[in-house]
Amino acid sequence: MSKLLVTGGAGFIGSNFVRHVLANSDHAVTVLDALTYAGHLSSLADLPSSRFRFVEGSVCDAALVDDLVAAHDVTVHFAAESHNDNSLRDPSPFIQTNLVGTFELLEAARRHDSRYHHVSTDEVYGDLALNDPSRFTEQTPYNPSSPYSASKAGSDLMVRAWVRSFGVRATISNCSNNYGPYQHVEKFIPRQITNIIDGVRPRLYGAGLNVRDWIHVDDHNAAVLGIIDRGRIGETYLIGADGEHNNKTVIEEILRIMGQPADAYDHVDDRPGHDLRYAIDATKLREELGWRPRYSDFESGLAMTINWYRENEGWWRPMKASTEQAYAKMGH
Ligand code: NAD
Ligand code: DAU
1 MSKLLVTGGA GFIGSNFVRH VLANSDHAVT VLDALTYAGH LSSLADLPSS
51 RFRFVEGSVC DAALVDDLVA AHDVTVHFAA ESHNDNSLRD PSPFIQTNLV
101 GTFELLEAAR RHDSRYHHVS TDEVYGDLAL NDPSRFTEQT PYNPSSPYSA
151 SKAGSDLMVR AWVRSFGVRA TISNCSNNYG PYQHVEKFIP RQITNIIDGV
201 RPRLYGAGLN VRDWIHVDDH NAAVLGIIDR GRIGETYLIG ADGEHNNKTV
251 IEEILRIMGQ PADAYDHVDD RPGHDLRYAI DATKLREELG WRPRYSDFES
301 GLAMTINWYR ENEGWWRPMK ASTEQAYAKM GH
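So the sequence shown is residues 1 to 332, counted in UniProt numbering.
Below, the structure is given as structure tokens:
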């Protein structure tokens, strides 16, 4: 059994990771989370208290981070400002949390010779053309487009430098777009599901031809746990489940599953700098660690996710109105 420090464990992917670890391993988990607008204790309800502890605080708090890293075997760093649209409104918290927070964790891992896993995104590679037959690999050059992806790219590069210069025992994973339960309603899929529940027409940015490579959050987290247990130190692993779909298709599928006409949505202004296409080649993860996605059928994963939002209105309702007010200020 190892003691895991999970930063950002009250967010979407982090809270699903905590549940996955407690259900599929004998590791104990401490969550460090600042409970920003994106963090919810309700995402961590009903966990077994003997193997789970919650600490409220920021990854930018050097003294707190030092104490916690020293007391754990592995740090799994999910905490971040994660939404592109917010980074276009105000990049400043992205610089603090994603860059300064990562720096504090790496310095603590260096001082205590502690194992560190860095959770990152495929957005660090920029985007691909729609007709490009290639996909991102671990060798693709970094080329981020937004303040969010630039801050994640910077944090990844710090991890690589701390491995090489200081011998920090770190791994990095870069994953594609996640979907599943407990995702904030600012994000594309839950925003559209909850709009439809509320009788509001979904909003598609631009023509909706942008492609995302969708993966169920449990498949992402199974890969992260595999990398922590069996990954090679200093290595980067790309995580993706061959789930490319354009946004228009996804909206139409959500509408179909929810019993609405497939064209019952509106086009709105495009996101500035909007990345066209992401696509992951996960050959290294599959061949080295034997990882395989369990949710290989996107339509049934989407239907399960829609059911979850229908059955858990008490979880998302408190954040819905303020999220839509913020979008309204952006003209969406
Ligand atoms: P999220 O926004 O749902 O959750 C982020 C969590 O971090 C929240 O609980 C928030 O309270 C916490 N947090 C923010 N600032 C903090 C700080 N200074 N100190 C401590 N906690 C803080 O994000 P998510 O979608 O779950 O993403 C988690 C990680 O996975 C991020 O690093 C993101 O870049 C990466 N990622 C996300 C996706 C995706 O599709 N969502 C895909 C690939 C990688
Ligand atoms: O690729 C991984 C990344 O995926 C993660 O690093 C980010 O943390 C995560 O937020 C996600 O980024 P995207 O910008 O791709 O996700 P988002 O859910 O914001 O948007 C998905 C697509 O849908 C994108 O092309 C923009 C579009 N969109 C989004 C919203 C919110 C719409 O068309 N309408 C909307 O209302």
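Glycine included, every Cβ here is placed at the ideal spot set by N, Cα and C.
query: Extent of the continuous beta strand (DSSP E) to which Thr102 belongs; result: Run containing Thr102: none in the beta strand (DSSP E); it sits in the alpha helix (DSSP H), Thr102 to His112.
query: Whole-Å CB distance - Asp213 paired with Glu253, under 8 Å assumed; result: In fact, because the Cβ distance is near 16 Å, the residues do not count as touching under 8 Å.
query: Beta-carbon proximity list for His83, same chain, < 6 Å, skipping 5 on both sides; result: Glu186
query: Check: Asn86 C-beta below 6 Å from any heavy atom of the ligand DAU; result: no
query: Residues bridged to Val21 [DSSP beta-bridge criterion]; result: In the DSSP output, where bridge partners are listed per residue, Val21 has none listed.
query: Cβ shell of Glu123 (< 6 Å), same chain only, five flanking positions each side left out; result: Ser149
query: Check: Leu99 C-beta below 6 Å from any heavy atom of the ligand NAD; result: no
query: Backbone CA spacing between Asp218 and Ile228 [nearest angstrom]; result: 15 Å
query: C-beta contact flag for residue 351 and His216 at 7 Å; result: One cannot answer for residue 351 here, as it falls past the ends of the chain, which runs 1 to 332.
query: Proximity winner among Pro144, Arg110 and Gln139, relative to Pro125 (alpha-carbon distances); result: The residue asked about is misnamed: residue 125 is Tyr in this sequence, not Pro. Nearest option by C-alpha distance: Pro144.
query: Sequence-distant residues of its chain with Cβ nearer than 7 Å to Met1 (five each side left out); result: Asp26, His27 and Ala28
query: Neighbourhood of Phe54 by C-beta distance below 6 Å, restricted to the same chain and skipping five residues each side; result: Val31
query: For Arg256, the first and last residue of its enclosing alpha helix (DSSP H); result: Asn247 to Ile257
query: Which listed residue (Leu88, Phe94, Asp73 and Ala71) has its alpha carbon closest to that of Ala80; result: Phe94
query: Ser12 beta carbon near the ligand NAD (any heavy atom closer than 6 Å); result: The amino acid occupying residue 12 in the given sequence is Phe; Ser does not appear at that position. Because some heavy atom of the ligand NAD lies under 6 Å away, the Cβ of Phe12 counts as near it: yes.
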